[in-house]
Amino acid sequence: MNLKNIYRHEKYMELAIEKAKNGRDSESGGAFGAVIVHNDEIIVEVYNQVAGKNDPTQHAELLAIQEACKKIGKNKLKECILYTSCEPCMMCLGACYWAKFKAIYYGASAEDAKENGYVYSNSYFDMNSDLRRGEFHLIQLMRNEALEVWK
Numbered sequence: 072m073n074l075k076n077i078y079r080h081e082k083y084m085e086l087a088i089e090k091a092k093n094g095r096d097s098e099s100g101g102a103f104g105a106v107i108v109h110n111d112e113i114i115v116e117v118y119n120q121v122a123g124k125n126d127p128t129q130h131a132e133l134l135a136i137q138e139a140c141k142k143i144g145k146n147k148l149k150e151c152i153l154y155t156s157c158e159p160c161m162m163c164l165g166a167c168y169w170a171k172f173k174a175i176y177y178g179a180s181a182e183d184a185k186e187n188g189y190v191y192s193n194s195y196f197d198m199n200s201d202l203r204r205g206e207f208h209l210i211q212l213m214r215n216e217a218l219e220v221w222k
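Residue numbering for the sequence shown follows my numbering, beginning at 72 and increasing consecutively.
Structure follows, in structure tokens:
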């Protein structure tokens, strides 16, 4: 990967982390953010809305997928890249699988989330993380910056 691509991915990840900070600081949000990009154009940028909507399915990744599909008028996002402040949970990974993202960049890992008090299914950790990350095209980026959101 060349430096131009690395900078571009970092720019979008910074935005996802900023959305996570917005969610953390909002009464209606949660400390997770997501951005979907198509051909270097930001399609959506959101943060977790579980608390504000009293709905456990309102994770940032799910909201981003829903909004992006509406915006582009398709139920597949195979030409898009998802940037998320934390590795997606099982529910979000399922939605990502059906959305068919080209790649998913994440900041904090599932292990980091668990260490910071966020709930992941035990079966999530029973999976082979290398296989999971390979199948879903998960690439970790800017972990330390993502962890700062939870401090």
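All C-beta atoms, glycine included, are put in the ideal place defined by N, C-alpha and C.
Values in this document were obtained by computation on a predicted structure and should not be read as measured data.
Cβ neighbour criterion (16 or more within 10 Å) applied to residue i
| i | result |
| --- | --- |
| V190 | exposed |
| E158 | buried |
| T128 | exposed |
| G144 | exposed |
| G188 | exposed |
| Y78 | exposed |
| A174 | exposed |
Secondary structure of residue i, DSSP reduced to three states
| i | result |
| --- | --- |
| L164 | helix |
| W194 | Note that residue 194 is Ser in the sequence shown, not Trp. If DSSP states are grouped into helix, strand and coil, S194 belongs with the helices. |
| Y118 | strand |
| R189 | In the sequence under discussion, the amino acid at residue 189 is Tyr, which differs from the Arg named in the question. Coil. |
When the options are compared against residue i, the one with the closest alpha-carbon
| i | options | result |
| --- | --- | --- |
| E206 | F172, E116, L218, V108 | F172 |
| E150 | G165, N110, Q137, S97 | N110 |
| T155 | S192, A184, K147 | A184 |
| I113 | G100, E138, K92, H130 | E138 |
| L133 | A174, V108, I143, C160 | C160 |
| V108 | H130, Y83, N125 | Y83 |
| G104 | E81, K92, N125, D96 | K92 |
Whole-Å CB distance - residue i paired with residue j, under 8 Å assumed
| i | j | result |
| --- | --- | --- |
| V106 | V115 | 7 Å |
C-alpha distance - residue i paired with residue j, whole-angstrom precision
| i | j | result |
| --- | --- | --- |
| R203 | A166 | 14 Å |
| Y229 | C163 | With the chain covering only 72 through 222, there is no way to say anything about residue 229. |
| Y168 | K222 | 31 Å |
| K90 | K141 | 20 Å |
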